[in-house]
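J.: Would you mind keeping the following structure in view while I ask a few things?
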Amino acid sequence: MQAETRERLARFFLDDESRIRQEQIRINEIPSPTGHEVAKAAWIGQRLRALGLLDVTVDEVSNVYGVAAGGGESPTLVLCAHLDTAFTPGTSFRGREEGERLVGAGVGDNSGGVAALLALAEALRALGLAPRGRLVFFFPVGEEGRGNLLGTRHFFAHSPFANGIDGFIAVDHGSPNVVHCGVGSRRWEIVVEGPGGHSWGDFGRVNPINVLAGAIADWNDIDLSGEPRRMDCVGVISGGTTVNAVPKEARLELDLRCTEMEALLGLEREVMVRLESAVRRHNLLRQPADSPPARLTATMIGERPTGKTPVDHPLVVAALSALRELGYQPTCCYSSTDANVPMSLGVPAVALWRGGRGGMVHTPEEWFEPVDRDKALLALTQVVDAVVGL
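In the working numbering, the protein residues as written are 184 to 573.
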């Protein structure tokens, strides 16, 4: 990138912060829980058209994408920021300002990422910059929770760009580092059913909550130290109807993650062996012995592939270089983002900083401060220049 262009971009992003901030608030106030992104998708589509992007499309799953004007056919770089937030329908997304801090569900993850991509598109339009290659702005659905990367999977299966993508950048990271490795996951809903009954009169019957509690205790004994890093998390648990009744049903949702698929599948096997053992153990202890046993149902509710872009790939090198030029000391790291999908398909992909800093992510008190957002946007633009030219 020419020094003059870089300087113009740096000034623009710094001067544009107030507008970006207000747009981030507006983006966040349009509810978009996973599976309910239609309204936000429509708004983003209108915004992209106003910014002069070409071939703006809202597809059948509510993904939104458009192409920067003036570019050629190749190489093709996709910039991605997911639309959905990790909250249930009915959540209030009306945030508040506390000095420089924005507070509210989803305000950083990923309203900050969406605002960053729109800010980049605004800069290209305002400064008259056009890529020499093809630059696609992509806003997928279904990144969070049970979304299972639906939007990005659909994009790589059905979009007109699917077979010709040379690079992919997810703007979905909270620090000035480079995510070059996708953390895989296997997610399960586990249900245990029993006969139920009165807490006193039917004491001894198998209790589904006790079964799951026993399984969780057994899972806590699994050695998760060492490499590759592995983890398990019971994120949801429920069951029963009242304090003085043996529950008929209990259920939980389990998230298993690892950076390598073989090790992830090994962890999954161990978890399932211990789960089945807990069911058998409690069935053997039930009284009377001829009372109905516990029944186990395990249903997969999500699967994210692993993948890796080599640290010496030009896309990773360009991202590291751009951040270093701005005074940061970036490292290559792991995360679970939309970039998992292209990584698993052999398409060079990374996830990069959305700018700012934040905390309490995935809670109603999530917060975001736009510290150095201008630098994050400049770094992103320099990576764009390295891939498709500006």
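We put the CB at the ideal spot given by N, CA and C, even for glycine.
No experiment lies behind these values; they were computed from the predicted model shown.
Residue 505 to residue 563, Cα distance in whole Å?
T.: Along the sequence shown, one-based indexing puts residue 505 at 322. Along the sequence shown, one-based indexing puts residue 563 at 380. Each residue's Cα considered, the two are about 8 angstroms apart.
J.: Considering only C-alpha positions, which residue in the set 493, 221, 383 is nearest to residue 361?
T.: As a first step, residue 361 must be located in the sequence shown, where it is residue number 178. Out of 493, 221, 383, 493 has the C-alpha closest to the C-alpha of residue 361.
J.: First and last residue of the beta strand (DSSP E) that includes residue 492?
T.: Residue mapping note: residue 492 aligns to position 309 of the sequence shown, counting from 1. First-last for residue 492: undefined, no H or E at that position.
J.: Just mark residue 565 as buried or exposed, buried being the case when its beta carbon has 16 or more other beta carbons within 10 Å.
T.: The sequence position of residue 565 within the sequence shown is 382, counting from 1. With 16 or more other Cβ atoms within 10 Å, it is buried.
J.: Could you tell me the distance, in whole angstroms, from the CA atom of residue 355 to the CA atom of residue 379?
T.: Here the question's residue 355 lines up with position 172 in the sequence shown. Here the question's residue 379 lines up with position 196 in the sequence shown. Those two C-alpha atoms are separated by around 45 angstroms.
J.: Measure the C-alpha to C-alpha separation of residue 184 and residue 353 and round it to an integer number of angstroms.
T.: Here the question's residue 184 lines up with position 1 in the sequence shown. Here the question's residue 353 lines up with position 170 in the sequence shown. Cα to Cα, residue 184 sits roughly 21 angstroms from residue 353.
J.: In this structure, does DSSP put residue 153 in helix, strand or coil?
T.: Nothing can be reported for residue 153: it is not among the residues displayed for the chain, which extend from 184 to 573.
J.: Say whether the stretch 480-499 touches the stretch 519-535, bearing in mind that this needs 3 or more beta-carbon pairs closer than 8 angstroms, one atom from each stretch.
T.: yes
J.: Classify residue 207: buried if its beta carbon has 16 or more other beta carbons within 10 angstroms, exposed otherwise.
T.: Here the question's residue 207 lines up with position 24 in the sequence shown. By the neighbour-count criterion, in which 16 or more other beta carbons inside 10 Å mark a residue as buried, residue 207 falls on the buried side.
J.: Have a look at 191, 499, 542, 462 and flag the residue whose alpha-carbon is nearest the alpha-carbon of residue 289.
T.: As a position in the sequence shown, residue 289 is number 106, starting the count at 1. Considering only alpha carbons, the answer is 542.
J.: When burial is assigned at 16 or more other CB atoms within 10 Å of the CB, is residue 369 buried or exposed?
T.: Position 186 of the sequence shown, counting from 1, holds the residue named residue 369. The residue is buried, with at least 16 neighbouring Cβ atoms inside 10 Å.
J.: Taking all protein chains shown into account, decide if residue 407 is buried (16 or more other Cβ within 10 angstroms of its Cβ) or exposed.
T.: Residue mapping note: residue 407 aligns to position 224 of the sequence shown, counting from 1. Residue 407 is exposed by the Cβ-count criterion.
J.: For residue 578, which beta-bridge partners are listed by DSSP?
T.: No answer is possible for residue 578: the residues shown for the chain start at 184 and end at 573.
J.: Between residue 315 and residue 255, which are expected to be in contact by the criterion C-beta below 8 angstroms, what is the C-beta distance as a whole number of angstroms?
T.: Position 132 of the sequence shown, counted from the first residue, corresponds to residue 315. Position 72 of the sequence shown, counted from the first residue, corresponds to residue 255. Contact annotation, residue 315 with residue 255: C-beta distance approximately 6 angstroms; criterion of less than 8 angstroms satisfied.
J.: Does the count of Cβ pairs from the stretch 440-447 and the stretch 382-394 closer than 8 angstroms reach three?
T.: no
J.: From which residue to which residue does the alpha helix (DSSP H) around residue 222 run?
T.: Here residue 222 refers to the residue found at position 39 of the sequence shown. It spans 221-233 - the alpha helix (DSSP H) in which residue 222 sits, taken as one unbroken run.
J.: Hey, could you find the ends of the alpha helix (DSSP H) residue 195 is sitting in?
T.: The residue you call residue 195 lines up with position 12 of the sequence shown. Here the alpha helix (DSSP H) through residue 195 covers 186-198.
J.: Counting Cβ pairs closer than 8 angstroms, one from the stretch 469-484 and one from the stretch 403-423, do we hit at least three?
T.: no
J.: Checking 8 angstroms against the spacing of the C-beta atoms, do residue 244 and residue 377 come in under that value?
T.: On the sequence shown, residue 244 is found 61 positions in, with the first residue counted as 1. On the sequence shown, residue 377 is found 194 positions in, with the first residue counted as 1. For residue 244 and residue 377, no; Cβs fall outside 8 angstroms.
J.: Among 422, 433, 392, 442, which residue has its Cα nearest to the Cα of residue 612?
T.: This structure cannot settle anything about residue 612, because the visible part of the chain is limited to 184 through 573.
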